[in-house]
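K.L.:
Residue numbers (the working numbering): 284 to 657. We put the beta carbon where it would ideally sit given N, CA and C, even for glycine.
#1: Shortest alpha-carbon distance to residue 633 belongs to which of 626, 301 and 645?
#2: Note the first and the last residue of the continuous alpha helix (DSSP H) segment covering residue 631.
#3: Do residue 420 and residue 487 have their C-beta atoms within less than 8 Å of each other?
#4: Could you pull out every unbroken alpha helix (DSSP H) segment of at least 4 residues lying fully inside the stretch 398 to 452, listed in chain order?
#5: In three-state DSSP terms, what is residue 574?
#6: Whether or not the stretch 445 to 457 and the stretch 477 to 486 are in contact is what I'm after, with contact meaning three or more pairs of Cβ atoms, one per stretch, closer than 8 Å; do they touch?
#7: Just to confirm the assignment, what range does the beta strand (DSSP E) spanning residue 591 have?
#8: When the Cβ atoms of the stretch 606 to 615 are set against those of the stretch 536 to 546, are three or more pairs found closer than 8 Å?
#9: Opposite residue 643 in the DSSP bridges: which residues?
#10: How would you label residue 396, buried or exposed, when you count the other beta carbons within 10 angstroms and need 16 or more for buried?
#11: Give the straight-line distance between the Cα atoms of residue 474 and residue 343, rounded to the nearest whole angstrom.
#12: Start and end of the beta strand (DSSP E) containing residue 684?
#13: Under the three-state reduction of DSSP, which class applies to residue 358: helix, strand or coil?
#14: With a 10 Å radius around its C-beta and 16 neighbouring C-beta atoms as the bar for buried, classify residue 423 as buried or exposed.
#15: Could you tell me which residues DSSP puts in a beta bridge with residue 567?
#16: Return the first residue and the last residue of the alpha helix (DSSP H) that residue 327 is part of.
#17: Let me check understanding here. Comparing Cα to Cα, which of 600, 562, 622 and 613 lies closest to residue 584?
#18: Could you work out which residue in 496, 640 and 324 is closest to residue 313 when comparing CA atoms only?
#19: Does DSSP put residue 464 in a helix, in a strand, or in coil?
#20: Helix, strand or coil: which one does DSSP assign to residue 347?
#21: If you count every other CB in all the chains shown that lies within 10 Å of the CB of residue 373, and 16 or more means buried, which is it?
#22: Can residue 582 and residue 594 be called in contact, C-beta distance under 8 Å?
#23: Residue 362 and residue 337 - do their beta-carbons sit closer together than 8 Å?
#24: For residue 558, which residues in the same chain have their Cβ closer than 6 Å to its Cβ, ignoring the five residues on either side in sequence?
#25: Measuring CA to CA, which of 328, 529, 379 and 315 is closest to residue 409?
#26: Taking the alpha carbon of residue 493 as the point to measure from, which residue in 398, 526 and 461 has its own alpha carbon closest?
#27: For residue 438 and residue 413, I'd like the C-alpha separation in whole angstroms.
#28: Please classify residue 477 as buried or exposed, where buried requires at least 16 neighbouring CB atoms within 10 angstroms.
#29: Taking the alpha carbon of residue 433 as the reference point, which residue from 350, 546 and 392 has its own alpha carbon closest?
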């Protein structure tokens, strides 16, 4: 995808805010607990390589990603630190994984058996670093109970091809005020962990994403996977307060590229979903749903000169229109996410309007929008 360098629309990443968020969490951890920065999905839309560098400066000792290609991106950028792929990797990529010293998640005996065949057939040197995934109630990946672990554990104990580097699970309600399901998952994890620790001595035992570490830090193990809070976003939305200040990292701005006085009774945009109620100043902003600015945003607002200006008509692929309080000059700044005057628009505000979560809003911001790090 071409990056829009010749259009005034840009994402600005505040490096100082990012550093402070990571440092604040790192300072809460005991000296034996590692912080792995989660930079999957292009660091939640913030830029994986750039965020990883700042995270390392702030004290991160490793990284978590979702797919192998994201791990390879970090390796190609020169990072030598531990990297864990949280999703399931293809067994045919084992040689690539081992050659790049990448750790992967394992969720079944069948996968391990296939991996053994490849390692032995290709006579690969060293051991494949694995983290055993435990499904304690998320229903995503992982072994579901101790019975499933029996044959798997026996197989690994009789193999010289694997390094059991970690065991982990993921909590589905760590960001909820109701702890009942969280506690149910925790008890299941303790049982499965106890079984595995009778057979292996993994370097890492980890359960904590941002929410778990923020509100259930007693469960941290010796590693946390610090994700959404790193970017200044409360994992619960606004339901639970965070024990320290989270600093927003991302802002998105553009400009007015066209401004005109549209007579009363004229329609604006596809489907003629908005009609001017009087003679109205309409401004056009060169951002659209191809940039990740959701089509549902009609009726929301942006900020111009610190004033809330409603989005009128449907958001187009590459542009949207706003109702202005007065005529403005071409090039006037438009704040889509961030501060203007005494007003602020957050990722959470947009997520609330679109009936989603702020993670999704930031991840959807496309690579057509250039990122600048200040």
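P.N.:
Reading off the structure:
#1: Taking the chain shown and counting its residues from 1, the one referred to as residue 633 is at position 350. Taking residue 633 as reference, the option from 626, 301 and 645 with the minimal CA-CA separation is 645.
#2: Residue mapping note: residue 631 aligns to position 348 of the chain shown, counting from 1. It spans 630 to 637 - the alpha helix (DSSP H) in which residue 631 sits, taken as one unbroken run.
#3: Within the chain shown, residue 420 is the residue found at index 137, counting from 1. Within the chain shown, residue 487 is the residue found at index 204, counting from 1. In this structure, residue 487 does not lie closer than 8 Å to residue 420 by Cβ.
#4: Listed in chain order, the alpha helix (DSSP H) elements of length 4 or more contained wholly in the stretch 398 to 452 are 429 to 440.
#5: Residue numbering aside, residue 574 sits at position 291 when the chain shown is read from its first letter. Residue state for residue 574 is assigned as helix, using DSSP reduced to three classes.
#6: The stretch 477 to 486, when compared against the stretch 445 to 457, does touch it at the 8 Å Cβ threshold.
#7: Taking the first residue of the chain shown as 1, we reach residue 591 at position 308. First-last of the beta strand (DSSP E) with residue 591: 590 to 595.
#8: By the Cβ test, the stretch 606 to 615 is in contact with the stretch 536 to 546, since at least three Cβ pairs between them sit closer than 8 Å.
#9: Counted from its first residue, the chain shown places residue 643 at position 360. According to DSSP, residue 643 bridges with nothing at all.
#10: Here the question's residue 396 lines up with position 113 in the chain shown. Exposed, since its Cβ has fewer than 16 Cβ neighbours within 10 Å.
#11: To locate residue 474, count along the chain shown from 1; it is residue 191. To locate residue 343, count along the chain shown from 1; it is residue 60. Their backbone Cα atoms lie some 29 Å apart in a straight line.
#12: Because the chain spans 284 through 657 in this model, residue 684 falls outside it and cannot be assessed.
#13: Along the chain shown, one-based indexing puts residue 358 at 75. Reduced to three states, the DSSP call for residue 358 is helix.
#14: Indexing the chain shown from 1 puts residue 423 at position 140. When all chains shown are included, residue 423 counts as exposed.
#15: Here the question's residue 567 lines up with position 284 in the chain shown. 541 and 604.
#16: Taking the chain shown and counting its residues from 1, the one referred to as residue 327 is at position 44. Counting along the chain, the alpha helix (DSSP H) containing residue 327 begins and ends at 323 to 328.
#17: Within the chain shown, numbered from 1, the residue matching residue 584 stands at position 301. Distances from the CA of residue 584 to each of 600, 562, 622 and 613 were compared; the closest alpha carbon is that of 622.
#18: Numbered from 1 along the chain shown, position 30 holds the residue referred to as residue 313. Comparing Cα positions, the closest option is 496.
#19: Residue numbering aside, residue 464 sits at position 181 when the chain shown is read from its first letter. The answer is helix: DSSP assigns residue 464 an H, G or I state.
#20: Counting from 1 along the chain shown, the entry for residue 347 is found at position 64. Here residue 347 sits in strand by DSSP.
#21: By 1-based counting over the chain shown, the position of residue 373 is 90. Classification for residue 373: exposed.
#22: As a working note, residue 582 is residue 299 in the chain shown. As a working note, residue 594 is residue 311 in the chain shown. Against a cut-off of 8 Å, the Cβ pair of residue 594 and residue 582 comes out as a contact.
#23: Numbered from 1 along the chain shown, position 54 holds the residue referred to as residue 337. Numbered from 1 along the chain shown, position 79 holds the residue referred to as residue 362. If you check the CB distance, residue 337 and residue 362 do not come in under 8 Å.
#24: As a position in the chain shown, residue 558 is number 275, starting the count at 1. Same-chain partners within the cutoff: 550.
#25: In the chain shown, residue 409 corresponds to position 126, counting from 1. Ranking 328, 529, 379 and 315 by Cα distance to residue 409 puts 379 first.
#26: Taking the chain shown and counting its residues from 1, the one referred to as residue 493 is at position 210. The option with the nearest alpha carbon to residue 493 is 526.
#27: Residue 438 sits at position 155 when you count from the first residue of the chain shown. Residue 413 sits at position 130 when you count from the first residue of the chain shown. So the alpha carbons of these two residues sit roughly 14 Å apart.
#28: In the chain shown, residue 477 corresponds to position 194, counting from 1. A residue is called buried once 16 or more other Cβ atoms fall within 10 Å of its Cβ, and residue 477, having fewer, is exposed.
#29: Sequence index remark: in the chain shown, residue 433 carries index 150 (1-based). Nearest of 350, 546 and 392 to residue 433, Cα basis: 392.
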